[in-house]
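**Student:** Numbering (my numbering), first residue to last: 80 to 499.
Backbone N, C-alpha and C fix where the C-beta goes; we use that ideal spot for every residue, glycine too.
Below is a structure I'd like to ask you about.
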């Protein structure tokens, strides 16, 4: 190793050690907060007090600030934290926090007292706000641009009175074809004036039997908003047609929404298709080459002599030389042309059958992509029956065509063997 190589090795070792053992590589900024959600029922003029606990779960000392914010949801379901933008459900102006900032060493905790008071005359329904704790790293290991983290505790306040609890499932979507980890999405509309704690459950049925039951995490549905929920169903490798049923309990009744889907091992199918394609790519050119070489070995019918006709027929049809053939006699050129025409018709029928088979396969692929939610199962069943009927028709047609052409070939061979 020359001097230049030694310097290069030392440089990369130094760089690796600096990246691995640099103090900033281990800097971690984390805040914990409890409780994450508080629900209160307060009439106009009533108040309540409480506290939240904030813990520095990281490795850096933090300067923590505390404040209250309103938030709301846009039409597309995104949450927006607002300051100075009061809405019908805003409650931040009702809060007082016991402190605005504090210092937290690693592992230390701090308690934040708060007081909330509902103003007289507040309309019945739900109101909400979030108490934030925001920390900034201040230690020697903190980078030039301080790391920050923010956690919050949601406070939901219900003013009793003429409250309306009303909601509905707008839609429930599962991909038409899935495998093991199947995504799902549903939207819930809360058309009342109080929040609803949703505890969705999804059951997966196969042949009327429950094969999977998934309990979705609790979701808060806010008044006059659409809440979109996404997740995954962890399913076993059970192939076939399934049905996902979304269940949401509300006021003693159960809301249901169904979504059929097909569970297929598409990775295995894709791998098998690629393997078959590879084998076809490797075999077909070789078969074509062999067929071409065989055709080159056999002269055209017009070039055959009476003595060479029998040997050519044996080799072309794969007949053993040990099997005797009728006495070879010369035959007319028209007989040879008819025999060649029959063979060409047989090849055309085979090619037509191949094209029809490919068309059927393409139609079956289109079927899976064009499936809809409610009519999907019926459409699949009807199309599969039609496809099976079509396949049987093609098979019957192929058998009849091959049988007919075989008879014509035998007839042509018989005529060829007759004395001219």
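#1: Starting from the Cα of residue 288, find the closest Cα among 310, 215, 320 and 303 and give me that residue.
#2: Could you check if residue 341 is buried or exposed, using at least 16 other CB atoms within 10 Å of its CB as the buried criterion?
#3: Near residue 482, which residues of its chain fall below 8 Å by C-beta distance, leaving aside the five closest residues on each side in sequence?
#4: So does the stretch 194-207 actually touch the stretch 234-246, counting three or more Cβ pairs closer than 8 Å?
#5: Can residue 166 and residue 146 be called in contact, C-beta distance under 8 Å?
#6: Between the C-alpha atoms of residue 114 and residue 216, what's the straight-line distance to the nearest angstrom?
#7: Which partner residues does residue 113 have in the DSSP bridge list?
#8: Please report the straight-line C-alpha distance between residue 201 and residue 317, rounded to a whole angstrom.
#9: Please list, in chain order, all residues of the same chain as residue 479 whose beta carbon is under 6 Å from its beta carbon, the five residues on each side excluded.
#10: Under the rule that 16 or more other beta-carbon atoms within 10 Å means buried, what is residue 173, buried or exposed?
#11: Are residue 203 and residue 179 close, meaning C-beta to C-beta below 8 Å?
#12: Pick out whichever of 240, 327 and 338 has its Cα sitting closest to the Cα of residue 278.
#13: Can you tell me whether residue 360 is buried or exposed, with buried defined as 16 or more other CB within 10 angstroms of its CB?
#14: Fully enclosed by the stretch 230-303, which beta strand (DSSP E) runs are 3 residues long or longer?
#15: Can you check whether the CB of residue 299 is closer than 8 Å to the CB of residue 274?
#16: From what residue to what residue does the beta strand (DSSP E) around residue 215 run?
#17: Starting from residue 326, trace the beta strand (DSSP E) in both directions and tell me its first and last residue.
#18: Do residue 142 and residue 182 come within 8 Å of each other at the CB atom, strictly closer than that value?
#19: Would DSSP call residue 434 helix, strand or coil?
#20: How would you call residue 323, buried or exposed, if buried means at least 16 neighbouring beta carbons within 10 angstroms?
#21: Could you check where the beta strand (DSSP E) with residue 142 kicks off and where it finishes?
#22: Going straight from the alpha carbon of residue 156 to that of residue 294, what length do you get?
#23: Is residue 487 helix, strand or coil when you go by DSSP?
#24: Can you tell me which of 355, 126, 292 and 259 puts its alpha carbon nearest to the alpha carbon of residue 315?
#25: In whole angstroms, what is the alpha-carbon distance linking residue 184 and residue 140?
#26: According to DSSP, is residue 482 helix, strand or coil?
#27: Identify every residue that forms a DSSP beta bridge with residue 227.
#28: What does the alpha-carbon distance come out to for the pair residue 308 and residue 475?
#29: Any idea if residue 135 is buried or exposed, counting beta-carbon neighbours within 10 angstroms, 16 or more meaning buried?
#30: Compare the C-alpha of residue 123 against each of 292, 198 and 266 and name the closest.
#31: State the Cα-Cα distance for the pair residue 490 and residue 254, rounded to the nearest angstrom.
#32: Helix or strand or just coil, what does DSSP make of residue 157?
#33: Applying the criterion that 16 or more other CB atoms from any shown protein chain within 10 Å of the CB defines a buried residue, is residue 149 buried or exposed?
#34: Measure the beta-carbon distance from residue 247 to residue 276 and round it to whole angstroms, keeping in mind my assumption that it falls under 8 Å.
#35: Using C-beta distances below 6 Å, list every residue in its chain close to residue 190, excluding the 5 sequence neighbours before and after it, in chain order.
**Tutor:** According to the data block:
#1: 320
#2: buried
#3: none
#4: yes
#5: no
#6: 23 Å
#7: 132
#8: 55 Å
#9: none
#10: buried
#11: no
#12: 327
#13: exposed
#14: 246-252, 260-269, 275-277, 280-285, 288-294 and 298-300
#15: yes
#16: 204-216
#17: 319-329
#18: yes
#19: helix
#20: buried
#21: 141-152
#22: 22 Å
#23: helix
#24: 259
#25: 4 Å
#26: helix
#27: 215
#28: 51 Å
#29: buried
#30: 198
#31: 57 Å
#32: coil
#33: buried
#34: Not really, about 16 Å apart at Cβ, beyond 8 Å.
#35: 130 and 132
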